[in-house]
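Below is one structure, written out as structure tokens; the observations come after it.
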DNA sequence: CTAGAAGTTCGAGCGTGCTCGAAGTCAATC
DNA sequence: GATTGACTTCGAGCACGCTCGAACTTCTAG
């Protein structure tokens, strides 16, 4: 063992990254992941580097970067060090979108909490009315 | 005019809500929107209430509530005031998901900014090296 | 040696959420 | 009364991102 057959099986890689076997192969197929090294049997063996890539991809995808844009970023990375400035551009643009999105979602969150408060006010009003023997308030929110 | 033909045309409603005509009809079709009142010609006339609903739907959808769950919420609302407690439950569950999502995205944002910083460090290093006449540093990030 | 689990490739299929286009109606203008 | 253009319904189609299954190989345990 040790060298020739080193690395995680696709099943283990799926477990530790939280990405399904199917998706791991899919990512490799479409070029999001470099060709993963193979055991002599042809089975994939995931290195720490591969896992790092998977985690980074997950991060980009979860923050809303499309597969297409992610492919572009991966290509830049593979093209060599002279693309670092371009990569910074892609990442900062993505970050700016994310910041804007977070701000918007924050606003939406507030609106939802206001709505909840309104509903809870109605519920509290009904409880009071019931407690004091009056008919419940049927006004809308 | 005034009463019979009051309300916004679908085109205007699309403009003010930012939701396309196609989508407005789609939402009505699948029951996300109550049947919108029609002009005698059969054309839709959106009331302020309708617009309010559209905006609230947009809010739910943009914060990641699925069409399916949104339908459920709409049904509860239509079923009458006795469903208010249920609606609160749906909304608080949704809010909790959203809060968790925001926390996660915040973490991802940090990770992206770290990555950007690393890249910018490399770029700065290269500039210094060039300025001092040395060969650029080709180490990876 | 054999059974069974886990791997491979490949193309097809699916769930979500729109998005579109055809065919027809209606209102306003020339 | 013909053209223009916004509206209607309805079903089909599409983009995205997986997800699956069939058919085959390979590894591991008994």
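Residue numbers (this note's numbering), protein chains in the order written: chain A, 1 to 141; chain B, 1001 to 1141.
Using N, Cα and C, we set each Cβ at its ideal position, and we do this for glycine too.
Counted within 10 angstroms of its Cβ, other Cβ atoms place residue i as buried (16 or more) or exposed
{"i": "residue 122 (chain A)", "result": "buried"}
{"i": "residue 14 (chain A)", "result": "buried"}
{"i": "residue 981 (chain B)", "result": "This structure gives no information on residue 981 (chain B), because the portion of chain B shown stretches from 1001 to 1141."}
{"i": "residue 1126 (chain B)", "result": "buried"}
Contact under 8 Å by Cβ, residue i with residue j
{"i": "residue 1074 (chain B)", "j": "residue 1032 (chain B)", "result": "yes"}
{"i": "residue 1092 (chain B)", "j": "residue 116 (chain A)", "result": "yes"}
{"i": "residue 1090 (chain B)", "j": "residue 1072 (chain B)", "result": "yes"}
{"i": "residue 1063 (chain B)", "j": "residue 108 (chain A)", "result": "yes"}
{"i": "residue 87 (chain A)", "j": "residue 1119 (chain B)", "result": "yes"}
{"i": "residue 1113 (chain B)", "j": "residue 95 (chain A)", "result": "yes"}
{"i": "residue 1060 (chain B)", "j": "residue 102 (chain A)", "result": "no"}
Residue nearest to residue i in terms of C-alpha spacing, selected from the options
{"i": "residue 58 (chain A)", "options": "B:1105, B:1059 and B:1029", "result": "B:1105"}
{"i": "residue 124 (chain A)", "options": "B:1085, B:1098, B:1097 and B:1131", "result": "B:1085"}
{"i": "residue 65 (chain A)", "options": "A:26, A:98, A:83 and A:132", "result": "A:98"}
{"i": "residue 1068 (chain B)", "options": "B:1048, B:1027 and B:1019", "result": "B:1027"}
{"i": "residue 1034 (chain B)", "options": "B:1049, B:1043 and B:1041", "result": "B:1049"}
Close beta carbons around residue i, own chain, < 8 Å, minus the five adjacent residues each side
{"i": "residue 17 (chain A)", "result": "24, 51, 54, 55 and 58"}
Close beta carbons around residue i, own chain, < 7 Å, minus the five adjacent residues each side
{"i": "residue 80 (chain A)", "result": "none"}
{"i": "residue 998 (chain B)", "result": "What is shown of chain B runs 1001 to 1141, which leaves residue 998 (chain B) out entirely."}
{"i": "residue 6 (chain A)", "result": "45"}
{"i": "residue 1141 (chain B)", "result": "Note that residue 1141 (chain B) scores a pLDDT of 45, beneath 50, so its modelled location is shaky; the value from the coordinates is reported in the next line. Excluding sequence neighbours, residue 1141 (chain B) sits near 1118, 1119 and 1122."}
Residues from the region 1111 to 1123 of chain B in contact with chain A, defined by Cβ distance under 7 Å: 1111, 1112, 1113, 1115, 1116, 1119, 1120, 1122 and 1123
Positions along the region 1060 to 1072 of chain B whose CB lies within less than 7 Å of some CB in chain A: 1062 and 1063
Residues within the region 70 to 100 of chain A neighbouring chain B, beta-carbon criterion of under 8 Å: 81, 84, 85, 87, 88, 91, 92, 94, 95, 98 and 99
Contact set between the region 12 to 32 of chain A and chain B, restricted to residues whose Cβ is under 8 Å from the partner: none
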